[in-house]
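Residue numbers (full-length UniProt numbering): 1 to 952.
Glycine residues also receive a C-beta, built at the ideal position from the N, C-alpha and C atoms.
Okay, structure first, notes after.
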Amino acid sequence: MELNDRNLQTLTEYLQKTLSPDPAVRRPAEKFLESVEGNQNYPILLLTVLEKSQDEVIRVCAAVTFKNYIKRNWRVVEDELNKISDPDRTAIKANIVNLMLSSPEQIQKQLSDAISIIGREDFPQKWPDLLSEMVTRFQSGDFHVINGILRTAHSLFKRYRHEFKSNELWSEIKLVLDTFAQPLTELFKATIDLCQTHATDINALKVLFSSLALISKLFYSLNFQDLPEFFEDNMETWMTNFHNLLTLDNKLLQTDDEEEAGLLELLKSQICDNAALYAQKYDEEFQPYLPRFVTAIWNLLVTTGQEVKYDLLVSNAIQFLASVCERPHYKHLFEDQNVLTSICEKVIVPNMEFRSADEEAFEDNSEEYIIRDLEGSDIDTRRRAACDLVRGLCKFFEGPVTGIFSGYVNSMLTEYAKNPGVNWKHKDAAIYLVTSLASKAQTQKHGITQANELVNLSEFFVNHILVDLKSPNVNEFPVLKADAIKYVMTFRSQLPKEQLLEAVPLLVAHLQAESIVQHTYAAHALERLFTMRGANNATLITPTEMAPFTEQLLNNLFKSLAIPGSSENEYIMKAIMRSFSLLQEAIVPYIPTLIGQLTHKLLLVSKNPSKPHFNHYLFESLCLSIRITCKASPDTVDSFEEALFPVFTEILQNDVQEFVPYVFQVMSLLLEIHTSSIPSSYMALFPHLLQPALWERTGNIPPLVRLLQAYLEKGATTIASTAADKIPGLLGVFQKLIASKANDHQGFYLLNSIVEHMSPDSITQYRKQIFILLFQRLQSSKTTKFVKSFLVFINLYCVKYGAIALQEIFDGIQPKMFGMVVEKIIIPEVQKVSGQVEKKICAVGITKILTECPAFFLGIFFFSIPDDEHFIDIEDTPGYQTAFSQLAFAGKKEHDPIGDAVGNPKILLAQSLHKLSTACPGRVPSMLSTSLPAEALQFLQGYLQAATVQLV
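This is the structure we're talking about:
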């Protein structure tokens, strides 16, 4: 693509079309941009539109498109096409910082993100001058520029907060500190001075305080891994100024907005985080500053209001106290009973109250509420912070804290009992307090695993939780109902089984509640209960115990998907999947109805897939329906295909990328169930599966390979007779996969199936070429994974066609090649093969080589089959591919191509040696005794005895 006005105009028009609400206009435009993004100059054209367009909307659109393009393509992945040319990469890095700094804030943010994505890959080695270019801009005095630099630095350095320690990371941080720490400190001091100079200028203060907030974030990132010497030497400067900022109260920066945090709140929140980091990790060095921070943060907590805009500040301030009270160093600060009472009364209880803002979120923004409350992303909520503070205090003061709170809990419950309709929030706070008091240790899988023994959870369940669960009106007091359900879910590992069984039918009833939060919690609680393990590793709750509620459970789960706001509720779909898995054949009578509902749902979501988890559990539920029903009666597979194929056809025709890998997995499952020949509906699809475009997407590769394996297993003769012209296409797929380090094992899966299932004459003409391709790859890029797969393949070939045929094909490529392969590859590498089936194939193949090629045995080598000893080299096992989500319930059974023909390879070795020795009497035992070490002879003697044969 040349840099000319015509191309700029075309690009602008297509960008405009991507903003269209009409999919018929938008989708083709997106496809066009995707098709040209591999062309040289494409990113440069985008940046030119971004810089020169007169239309602000187009500029922002170009910025977002550019950032997403960089996100998708900047990382160079081995074996994959590099879509960004080297000249483009150089030009982008040369211009992007200047362009970012001269752009309006909305565009600046997008380009700043793009710089950090490039920086993650190229900084410091391939972009050494990035930091110095940024630091020089601090001198500009223009805070629009300075904030652009700070924002970019923040997105570049924040990964230091969660990276694992490594020498590479240390050297990068050292480089950053050497270049950045001093100028950042100078900028910090200068900005604070400017704040005093402009103390009455609101516009100047806004810019300066946003700089201070960014500087404080950078301080956190640069200090996270370890305490740098520079910051230790300059702790006085930083901590004194942080403390002053914490206690600062500038009326001009206070906002009227009750929802959105202002600059002052954001800055103070970050300072609380910084202080907590030092208190936790560098307590010795921080000790002189700690008392004044505790005082300042305490004052902050008792004077800050209940408005939502202060939530982050209050939760970070409480988290600071929580991190301090857990450290033995600071235990003395909290020992006084009055201090504990004061913390409980003034900080914990007020921040556990259910506010009107929480009530609004519960009713009107349920998805956000559930994510915050259920998934633990409520790290910045007051309640979570207060709960953490309770846990922290209980570490050293469990008795006194439990005593203080018991009083609060009782008085709250008494208030509630006086007038439930008005005082229900008191009970909500009481339940939350009990939960935070009782919870000591928690896991996602088991809920609370360790509880405070001073709290009687079972008694509280009977007296205060069951009442709400049993209430005949499921829609009354939805918050308390949701609390009760969450209590069962949280303490499921602590409550006795009979109480859980008592709760199950009540939870099933709550699936019909109108409140989204309430029926979501009910679905989630049931799903968690169904995964609990009882005796003998079986499920704690059995299908028999569920029998009285099965019909209602399935009905209510599917009905709840029809409640407004829950049509794609991932918790409900996960509960459907888990119910199917638990109930097994008990669901068979309901499947005809349920499969229709699942298929209809699939058709709807395929129009616009937006909830990946929901979609995943939907496909899992389909797989379970198929497996469970077809296990009982395999002939029902036709009715599943009848129901699913129309939707699958639509998904494949519309190329719904998110769903295509799932469709292939379900089709594999269906095809594997067939017992007779391959149905014509599958054969009609076969040529399409070999189209190169499908194999370009890494996410399609594992499920497509499995599907082709199923085709070969069920229909090799049909392919040979009616689609022989497609065999080169099949081998073309193998050739593409074998060339890739990431996917070569998938190529071998396909090749092994071809060898195992195709008739010898249908592939005779291709055999030599297959081996030549494998040797070319072995020469150009020999990896452990490739060698292991190669060994399994040649041994499988040997098992199928015999050792002489294997020798002939090797020696046909190059004389005496077979001997070289045995000596250089098979003998030294075979012990690396792992996996029971793979080891069996190799054992049988090697036995055939030894005993069917006498020249080998009698003249050249002998090697022993490893006796159950192997090691696994993890150096290059196949990596996780993000685009592919494996369906657990579409799982493929491990296939043994040798099957019952050889039960025990050791017996086969003994029998084959016996057969060989009868053909050449006297020679085999003498060869063995001179070639084998004593230990190996001992093993071999054991094999001969087990096979009841002897050598002659």
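Residue i - partner residues in DSSP beta bridges
i, result
"Ser439", "Ala451"
"Arg533", "Thr539"
Residue i - containing alpha helix (DSSP H), residue span
i, result
"Leu111", "105–122"
"His243", "235–247"
"Met758", "It is not in any alpha helix (DSSP H) - Met758 carries neither H nor E in the DSSP assignment."
"Phe396", "382–418"
"Ala94", "86–101"
"Gly942", "934–946"
"Cys272", "263–281"
"Asp129", "Counting along the chain, Asp129 falls outside any alpha helix (DSSP H), and DSSP gives it neither H nor E."
"Arg26", "23–36"
"Ser315", "311–325"
"Gly729", "727–738"
"His688", "680–689"
"Cys195", "167–197"
"Glu498", "497–510"
"residue 966", "Examination of residue 966 is not possible in this model, given that the chain is present from 1 through 952 alone."
"Tyr69", "56–73"
"His613", "612–632"
"Cys798", "784–801"
Nearest-angstrom Cα separation, counted from residue j out to residue i
i, j, result
"Cys272", "Leu437", "24 Å"
"Ala936", "Leu704", "43 Å"
"Pro878", "Ala386", "Any answer about Pro878 is weak, because its pLDDT of 37 lies below 50 and its placement is not dependable; what the coordinates show is given next. So the alpha carbons of these two residues sit roughly 44 Å apart."
"Ile673", "Lys486", "41 Å"
"Glu360", "Glu514", "15 Å"
"Gln709", "His895", "11 Å"
"Lys840", "Met758", "21 Å"
"Ile727", "Ile719", "8 Å"
"Asp283", "Lys217", "20 Å"
"Pro548", "Ala296", "59 Å"
"Lys832", "Pro897", "20 Å"
"Val347", "Glu326", "17 Å"
"Ala24", "Asp142", "45 Å"
"Gln9", "Ile58", "12 Å"
"Val479", "Ala525", "15 Å"
"Ala424", "Gly305", "Note that residue 424 is Trp in the sequence shown, not Ala. Taking the straight line joining both Cα atoms gives about 22 Å."
"Ile173", "Lys93", "21 Å"
"Leu227", "Tyr289", "15 Å"
"Met532", "Val504", "13 Å"
"Arg27", "Leu253", "45 Å"
"Asp311", "Tyr369", "14 Å"
"Ser633", "Ser681", "21 Å"
"Trp695", "Asp744", "13 Å"
Close Cβ partners of residue i (< 7 Å) along its chain, the five nearest in sequence each way excluded
i, result
"Val949", "Ala910, Gln911, His914"
"Ile809", "Arg767, Lys768, Phe771"
"Thr918", "Val952"
"Asp378", "Residue confidence is low: Asp378 scores 47 on pLDDT, short of 50, so the model does not pin down where it sits. Its coordinate-derived value is still stated next. The answer, listed in chain order, is Arg372, Arg384."
"Gln214", "For the sequence presented, residue 214 should be read as Leu rather than Gln. So the qualifying residues of the chain are Asn147, Leu150, Arg151, His154."
"Ser458", "Leu495, Pro496, Gln499"
"Leu583", "Pro543, Met546, Thr550"
Beta-carbon proximity list for residue i, same chain, < 8 Å, skipping 5 on both sides
i, result
"Val647", "Thr599, Leu602, Leu603, Ser606"
"Phe640", "Ile595, Ser625, Ile626, Thr629, Cys630, Leu670"
Beta-carbon proximity check, residue i vs residue j, cutoff 8 Å
i, j, result
"Leu277", "Asn223", "yes"
"Ser781", "Lys824", "no"
"Thr435", "Thr490", "yes"
"Ala331", "Phe396", "Checking the sequence, you will find Lys at residue 331 rather than Ala. Yes, the pair counts as a contact, with Cβ atoms nearer than the cut-off."
"Ser610", "Phe580", "no"
"Leu796", "Glu756", "yes"
"Leu101", "Arg137", "yes"
Cβ neighbours of residue i in the same chain (closer than 6 Å, five flanking residues each side left out)
i, result
"Pro661", "Gly699, Asn700, Pro703, Phe884"
"Ala275", "Phe293, Phe320"
"Ala947", "Ile907, Ala910, Gln911"
"Gln552", "Val508"
"Val822", "none"
Contact test: residue i Cβ vs the ligand PLP heavy atom, cutoff 7 Å
i, result
"Pro905", "Only the bare structure without any ligand can be found here, which leaves the ligand PLP out of the picture."
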